[in-house]
Structure formats: structure tokens, C-alpha cells
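Reviewing the structure listed below.
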Amino acid sequence: MNVNNDHEVLISRAGEYLNGLLSEAFLHDNQHRAVVVYDTDCLLSTILSQGYIRCLPNAVFIDFSTTPADEILDILNALQPSDLVALVQSTSFRLNEFRLRIELFKRKIKVIEHPHLSRMSDSEASFYIDSLAYDCDYYRGVGRALKQKIDSAPSGVLDSGGDLLVYGSPFESAKLNIGDYSDMPNVGGQFPLGEVFTEAQDLRALNGRVKIFSFGDVTYKLNYPATPITLVVVEGQVVECENSTPAFDQILSNIRRDEGGVVWVRELGFGLNRAFTKTHTVADTGTYERMCGVHLSLGAKHGIYGKPGFKRRDGRYHVDVFADTHTFTLGDEVVYKEGQWDVLR
2 MNVNNDHEVL
12 ISRAGEYLNG
22 LLSEAFLHDN
32 QHRAVVVYDT
42 DCLLSTILSQ
52 GYIRCLPNAV
62 FIDFSTTPAD
72 EILDILNALQ
82 PSDLVALVQS
92 TSFRLNEFRL
102 RIELFKRKIK
112 VIEHPHLSRM
122 SDSEASFYID
132 SLAYDCDYYR
142 GVGRALKQKI
152 DSAPSGVLDS
162 GGDLLVYGSP
172 FESAKLNIGD
182 YSDMPNVGGQ
192 FPLGEVFTEA
202 QDLRALNGRV
212 KIFSFGDVTY
222 KLNYPATPIT
232 LVVVEGQVVE
242 CENSTPAFDQ
252 ILSNIRRDEG
262 GVVWVRELGF
272 GLNRAFTKTH
282 TVADTGTYER
292 MCGVHLSLGA
302 KHGIYGKPGF
312 KRRDGRYHVD
322 VFADTHTFTL
332 GDEVVYKEGQ
342 WDVLR
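Here our numbering is used: the first residue of the sequence shown is 2, the next is one more, and so on.
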């Protein structure tokens with residue numbers, strides 16, 4: 002697990018931020034065991050692995066590439082509730098039918114998952130590491146305040162520079178990903194942290210226009226069109242698209258082909274992570290969706306919220322698109338402006 006000395010600063014920063022996560026979000030202590038399963042197939046996985054060595058010197062470290070699956074399972078099966086497992090993955094680890102995070106959660110083991118690290122370039126490693134910094138007061142303060150406002154708002158408006166996307170109904174009860182697991186059945190999940198998400202109670206009450214500056218393509222990487230794409234939404238469905246690109250047309254075509262000829266707009270995601278902006282970006286869509294701003298999902302798939310007429314097995318697509326958000330208003334209160342959340346008053 003040796004790494005070039007040029008990356009020592011990044012390793013040190015990773016160790017510092019991971020240590021903060023472990024103590025403040027996971028409440029991990031020396032009374033519980035820790036296991037780190039890692040690979041070194043990309044720069045970012047190597048740096049994170051070294052960072053974990055700094056903050057978990059007594060942990061068991063398992064190189065996924067060289068350790069037999071049975072041996073890994075034996076070590077994991079010896080863990081007890083409230084022990085910790087960190088998964089540092091250039092892609093996504095598979096152990097036969099053993100679904101790592103899900104099976105560990107069933108046994109009340111804490112899990113930090115860093116998947117698909119190889120999707121991000123070496124030049125993006127610094128942004129990813131910065132996204133692991135845990136500001137407890139910010140995440141919990143803004144996250145809880147935002148949830149309270151979402152849950153009580155009668156409507157909402159997303160302004161993307163004069164184009165308005167209007168939510169004409171209340172919202173579903175918002176879900177939090179802010180590093181507070183006190184009221185949750187499991188401790189941990191996919192990192193980095195920083196999101197509050199919901200969707201309209203009445204999907205057909207969504208109408209208007211929205212500019213998007215980026216979207217997740219068929220390779221699950223971020224695609225940045227030269228000109229923002231404008232989606233025209235009528236009764237919750239994308240009916241027209243201005244300034245589209247071949248890559249985005251492919252996304253829409255795939256959804257329409259497999260989901261009854263329509264493209265639903267479902268998730269409304271409020272990202273809180275200030276390490277990611279329109280200029281500080283990473284290629285992996287699942288990571289970047291924490292960016293400090295607003296994203297939507299296209300396609301019928303959203304397993305968190307059930308809706309009449311939507312069968313979970315029928316929804317195949319959940320494609321994240323990132324709005325060029327100038328402001329977001331809940332009811333008559335502007336909660337997002339000038340690139341940041343304004344909810345703590």
C-alpha cells in the first residue's frame with residue numbers, strides 16, 4: 002500500500018476527515034473492532050486506505066484483490082453488533098451472494114462504503130477527500146431545518162435563471178443523510194454524506210421548465226453539455242427538451258423504451274456537501290449528487306416513496322440530473338440562493 006510522497010498531504014487530510022467521521026457520526030471507539038476491506042486499483046482507493054491506517058491503527062486490513070473470499074467472510078462473520086466495517090472500492094466488491102452492506106446491516110454492524118472510486122480521475126481525488134469533512138453543526142442544523150420546512154411546505158418553485166419548475170403540491174416526508182443515525186435502524190451507508198431528499202406527493206402537480214447543467218450518462222458518469230439543457234415538464238413528465246445532446250437523447254430514449262413511453266420526474270434532492278459545486282466536480286454520479294444544490298431524478302424508479310399506479314419492479318431508471326439552480330422556494334420562503342442553503346434563521 003505504498004504511495005508516492007507527493008500524495009502525503011492528501012493522505013494526511015483523508016486521515017483527519019475520516020477520524021472526524023468515525024468519532025462524530027459513527028461514535029466508534031476502541032472497545033469495538035474495525036475491519037477495512039480495500040483495494041489499490043486506483044489512486045483514490047490507495048489514498049483512502051492509507052487514511053484509514055492513520056485513524057484506525059488497530060483495525061484488520063484486508064486486501065480484497067489478494068485475499069480469498071472465504072477468508073474475508075470468516076473475518077466479517079466474527080464481528081459483533083456495533084463493530085465497524087469500511088469498504089474502500091475502486092468498483093464494487095462482490096462475495097458470491099453475500100451482499101456486503103446489506104448483510105452487515107442485518108447484524109447491526111456499522112458500515113462506511115466508498116464505492117466506484119475508479120470512476121473519478123486523479124485530479125478529482127482532492128475534491129472527494131474534502132467531501133469527507135464532517136461539520137456536525139452544519140449538516141445536522143441545515144438538514145433538520147430543511148426537512149422541517151419541506152414537510153410543512155404547501156408547494157415549491159425551482160428557479161433556474163428565469164425558467165420556473167413549479168411543485169403544485171405538498172412534499173413527501175423528507176429523508177436525511179446527514180450523519181445522524183440515532184433514529185435509524187442502520188448506522189452508515191454510502192459516502193460522502195450530505196443530502197435531504199423528497200418528491201411531490203402528487204407527481205402530476207409538477208409543471209414548468211428547468212435548466213440542467215449536468216446529468217448522469219449511461220456509464221454512471223457525469224456529462225456536462227456545452228449549453229445547459231432545458232426540460233419542459235407537464236404534469237410530472239418530460240414532454241420536450243431544448244438544447245439536448247446525443248448523450249441525453251439516449252437517456253430519454255432508453256427510459257421511454259422501457260417505461261411505457263414516458264419520462265417521469267420523481268426525486269427532488271437537496272445536496273448539502275459544500276466540497277462539490279458547479280466547478281468542484283467529480284465524475285461519479287452517485288458521489289456528486291451530494292453537491293450543494295438541487296438535483297432531480299428522471300424515470301419511474303424511486304423505491305423510497307410508493308405511489309399509486311407505480312409498481313416498484315416496473316421502474317427501471319433513476320437518472321440524476323443537476324439543476325442550474327438560482328433559487329429554490331418552499332411556500333413563500335427562499336431556502337436556497339447564491340449557491341448555499343439559507344434555512345437557519
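Positions of the beta carbon are idealized from the N, C-alpha and C atoms, including for glycine.
Going by DSSP, Val143 is part of the alpha helix (DSSP H) stretching over Cys137 to Ser153. Contact between the segment 209-220 and the segment 51-66 is absent: fewer than three C-beta pairs spanning the two stretches fall below 8 Å. Counting C-beta pairs with one atom in each stretch, the segment 205-217 and the segment 315-328 have three or more that are closer than 8 Å, which means they touch. Using a Cβ distance threshold of 9 Å, Leu269 and Arg291 do not count as a contacting pair. About 5 Å separates the beta carbon of Ile256 from that of Val264, a gap short enough to meet the 8 Å contact definition.
Under the Cβ criterion (8 Å, minimum of three pairs), the segment 126-142 counts as touching the segment 187-195. The residue among Gln202, Ile130, Arg145 and His117 with its C-alpha nearest the C-alpha of Gly157 is Gln202. Taking one beta carbon from each stretch, the segment 113-123 and the segment 303-316 have fewer than 3 pairs nearer than 8 Å; the two do not touch. Considering only Ala134, Pro155, Ile103 and Leu159, the residue with the shortest C-alpha distance to Pro186 is Ile103.
Under DSSP, Tyr289 takes part in no beta bridge, so it has no partner. Taking every protein chain shown into account, the CB of Arg346 has fewer than 16 other CB atoms within 10 angstroms, so this residue is exposed. Secondary structure note for Thr330: its beta strand (DSSP E) is the uninterrupted segment Thr328 to Leu331. Under DSSP, Leu166 takes part in a beta bridge, and its partners are Leu159 and Gly209. Going by DSSP, Arg258 is part of the alpha helix (DSSP H) stretching over Pro247 to Asp259.
Straight-line measurement puts the Cα of Glu339 at about 26 Å from the Cα of Ser245. By the Cβ neighbour-count rule, Ile73 is buried, with 16 or more other Cβ atoms within 10 Å of its own. Relative to the Cα of Leu101, the nearest Cα in the group Ile12, Gly262 and Tyr39 belongs to Tyr39. A check of alpha carbon separations from Lys109 across Leu253, Asn78, Ala146 and Lys148 identifies Asn78 as the nearest.
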